[in-house]
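Take a look at the structure set out below.
Chains as they are written, first to last, in the UniProt record's numbering: chain A, 1 to 333; chain B, 1 to 333.
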C-alpha cells in the first residue's frame, strides 16, 4: 500500500486539518466530533442543508460546503457512516429557525444514524426533514444497502437544493425539490481497479488485468457482473443504456450529463467517456443542457468512471446555475 | 494497460471532442490542427495568452482556456510538443492588435516549436512575446530539457497573467509580469507509481512496492533519486526544503501554496500533504495567503504529488483573485 498518509488512523483527521488550513475563508472544521461547516453558518433566515457519509469519496461531501450548497458535512471514517453525535452536532451548529434538511445517501448505516440524529435534533426543538438519495440503477440490494445505493445524484441534489436554500426556499419546498431531483436522476459506475482502505492495507477486491467490475458501488461493493475490458465507447453504452431505460428518459428531455471519475482515472479519459455518453444521449433524443466532468464522488484511488443523468426542470436548471462558492464547485458571483 | 479509451491514436482527438461537447459555452475546439480557444476570441482590445504542450497533463492547458485565463491552448500528442503549425494557427485565431504572449514550459521541443511559430506569426505582422517557465528545482538538466523543467508554476503564471490581460494590461506588462511570476515560483514533485503512455502500452518506468521517484518530471523523467517510501509529513518536508532554499523564501514572505496531484492520487491524500506543507511554510515564517489543492497538472494516471510555492506581490494576488471562467478553474463573477 503506497499512500500519501502518515498513519491509517489519522487519515480523516489530518485531511480535515488540511482542508481547514487550505480554505479558512470558506470553512470551519470541528474535529471532535468531526464536521465541516460554512464559515458564516448559521445563516440567518436560511434553511440549512446537512449531508455526510463515509470518508474516501472526496471531494464529497466536505468539498461541497459553502455558500450556495451545503451548510455542513459530517465525514465518517473511511467507508464508514458518520455517528449520530457527529450529525447532531453539525445540525445544531448550522440550523436556525428555518430548520434543516438532511440529504442522506441510501446506505443502511447512514440512514440509521441520520435518522437517530434527526430524532435527537427534533427533541431539542429543531425542525428537521430528511431525503434519501438512491440513484444507482446497478443493483437492487447491495452489501451495505437495502434498496438502491446513493451515488452521483447526491451531488446534483446538494447543488440544486443549495441554490434554492440560498434563494430563500423554505424547508418543505427544499425537501420537495430534493425528492424531485432524486426521482429524476439515475447513475451507474464501472471499476477498472480496486482501492485500498488505509486501515485494511490491501485491496478491497481483486480484478484481473483484463477485467472490470460493472455496476460497482462506491465502497467497492460488487456490481452486476464482472466482465472483460471494453473500449470507452462500449463502456459508455453499457452504462448509459440501463440508465436511459430506468427512468425512463424520453425524447426531448433536457438533461444534465455528469461523467465522474472514481479517483484514479485521469481527466483525459473522462472526456473520452463524456464524448461517447453525450453522443448516446443525443442519439436517444435528449437535449444535453448542462454538463459536469471530473472526479466529484470517488472511491479513494479506484480507477473507473460513473455516469449520472438528471432530467432537468426549469427550476432545477435555475438552481444548478446559481452561484456557489465551495472548495470543489465554484461558479458565479 | 486498462484505460477508458477507444484507440491509442485517437486519445487526444476524442478527448478534445469531449471537451467541445461538455463546454460549448466556454470553448471552441479545432481539430486539425488541434487547438482550443475561448468561444469569444479574439477579444477586442485585449492582449492574448497562448500556451500549450504535450497532452496527458489535463486539465493543463485546455482546461485553463476561458475568460480571465488563456485565450488558446495547443495540445500535442501525449507527452509530445505541439507542432509549430498548431501554435501558429492558435495564435492567429486569437490575436488582435494588442498582440499575444506565449507561455512556454521549458522542454526542448516546446521551446523550439513555440519559437518557430512566433517567428512565423511575426512575419505575418503579429506582435508576439514569449516567456519560458522553468520552476522545477529537482534537476538542472533532464531527459527533455536543457535547464530546469516547467511544471506547476505554469498554471499560476497563466492565471495571474490572465487576470492582468483581462484588466487591460499591455503585452509588455504581461511579459514582465509573467517573468516576475516565474522568478518567484518554485516546484518539486514525487511519484509513487509510473504511468502508461497509451501508444506505448506499458509503464514508462518501474517502481518497486516500497519505492518512490523523488524529483519526478511530468513525463516520468528521472528525478533526483529513487528512495524508499516515507510518510506524508516526511515527503512534504523532502519537497518543501529544496523549494524553500532555492529562491530562497524568507521570513515574512506572503505565498501561494499549491499542492498538486499527479493524476492517480485521491484528494484526501492531497489534503494530508497540504496540511504538512502548510505547517512547514508557517514554521519557516511564511504567510500562506492563498492556496490551491487538487490535480491541476498531471501525468496521466501517475500517483504522486508536487508542491509549488509562489512568493506573492500585491499585483499577483490581485490578479490571482480576479474572476476566471474556465473548465478547470472558475471563480468570481
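Quick reminder that beta carbons are idealized off the backbone N, C-alpha and C, glycines included.
Reference residue i, options the options, closest by Cα
i: residue 94 of chain A; options: A:45, A:105, A:273; result: A:45
i: residue 112 of chain B; options: B:99, B:176, B:131, B:20; result: B:131
i: residue 5 of chain B; options: A:273, A:322, A:58, A:324; result: A:273
i: residue 125 of chain A; options: A:76, A:50, A:91; result: A:91
i: residue 318 of chain A; options: A:154, A:177, A:226, A:84; result: A:177
i: residue 114 of chain B; options: B:28, B:85, B:69, B:158; result: B:85
i: residue 192 of chain B; options: B:67, B:25, B:305, B:330; result: B:305
i: residue 101 of chain B; options: B:145, B:110, B:165; result: B:165
i: residue 186 of chain A; options: A:173, A:168, A:249, A:231; result: A:249
i: residue 53 of chain A; options: A:110, A:322, A:33, A:215; result: A:110
i: residue 208 of chain B; options: B:147, B:222, B:228; result: B:228
i: residue 168 of chain A; options: A:247, A:143, A:264, A:67; result: A:67
beta-carbon residue i near the ligand COA non-hydrogen atom, thresh 7 Å
i: residue 139 of chain B; result: Among the components of this structure there are no ligands whatsoever, and the ligand COA is therefore not found.
8 Å Cβ cutoff, residue i in contact with chain B
i: residue 298 of chain A; result: yes
i: residue 331 of chain A; result: yes
i: residue 96 of chain A; result: no
i: residue 275 of chain A; result: yes
i: residue 291 of chain A; result: yes
i: residue 203 of chain A; result: no
i: residue 65 of chain A; result: no
i: residue 116 of chain A; result: no
i: residue 278 of chain A; result: yes
i: residue 248 of chain A; result: no
i: residue 56 of chain A; result: yes
i: residue 221 of chain A; result: no
i: residue 254 of chain A; result: no
Interface flag, residue i vs chain A, CB-CB below 8 Å
i: residue 260 of chain B; result: no
i: residue 80 of chain B; result: no
i: residue 305 of chain B; result: yes
i: residue 154 of chain B; result: no
i: residue 160 of chain B; result: no
i: residue 3 of chain B; result: yes
i: residue 229 of chain B; result: yes
i: residue 265 of chain B; result: yes
i: residue 48 of chain B; result: no
i: residue 19 of chain B; result: yes
i: residue 233 of chain B; result: yes
i: residue 216 of chain B; result: no
i: residue 272 of chain B; result: yes
i: residue 357 of chain B; result: Residue 357 of chain B lies beyond the stretch modelled for chain B, which goes from 1 to 333, so this question has no answer here.
Residue i, enclosing beta strand (DSSP E) - first and last residue
i: residue 78 of chain A; result: 72-78
i: residue 226 of chain A; result: 225-228
i: residue 131 of chain A; result: 128-133
i: residue 65 of chain B; result: Segment: none, residue 65 of chain B is in no beta strand (DSSP E) and carries neither H nor E.
i: residue 35 of chain B; result: 34-38
i: residue 302 of chain B; result: Residue 302 of chain B -> no beta strand (DSSP E), and no H or E assigned at all.
i: residue 214 of chain B; result: 211-214
Residues that residue i bridges to, as DSSP identifies them
i: residue 288 of chain A; result: A:255
i: residue 324 of chain A; result: A:331
i: residue 187 of chain A; result: A:136, A:308
i: residue 55 of chain A; result: A:78
i: residue 334 of chain B; result: The structure shown does not extend to residue 334 of chain B, since chain B is modelled only from 1 to 333, so the question has no answer here.
i: residue 279 of chain B; result: In DSSP, residue 279 of chain B forms no bridge with anything.
i: residue 142 of chain A; result: A:145
i: residue 196 of chain A; result: A:203
i: residue 273 of chain A; result: None, per the DSSP bridge assignment.
i: residue 31 of chain A; result: A:34
i: residue 294 of chain B; result: B:260
The alpha helix (DSSP H) enclosing residue i, as first and last residue numbers
i: residue 12 of chain A; result: 11-22
i: residue 122 of chain A; result: 108-123
i: residue 158 of chain B; result: 153-166
i: residue 238 of chain B; result: 232-246
i: residue 93 of chain A; result: 84-94
Inter-residue CB distance, residue i and residue j (contact presumed, cutoff 8 Å)
i: residue 61 of chain B; j: residue 73 of chain B; result: 4 Å
i: residue 137 of chain B; j: residue 243 of chain B; result: 6 Å
i: residue 157 of chain B; j: residue 181 of chain B; result: 4 Å
i: residue 151 of chain B; j: residue 218 of chain B; result: 6 Å
i: residue 268 of chain B; j: residue 58 of chain A; result: 5 Å
i: residue 202 of chain A; j: residue 69 of chain A; result: The Cβ separation is near 35 Å, so there is no contact.
i: residue 271 of chain A; j: residue 19 of chain B; result: 5 Å
i: residue 257 of chain A; j: residue 232 of chain A; result: The pair is not a contact, with the Cβ atoms about 15 Å apart (cut-off 8 Å).
i: residue 171 of chain A; j: residue 120 of chain A; result: In fact, because the Cβ distance is near 18 Å, the residues do not count as touching under 8 Å.
i: residue 161 of chain B; j: residue 174 of chain B; result: 5 Å
i: residue 290 of chain A; j: residue 312 of chain A; result: 7 Å
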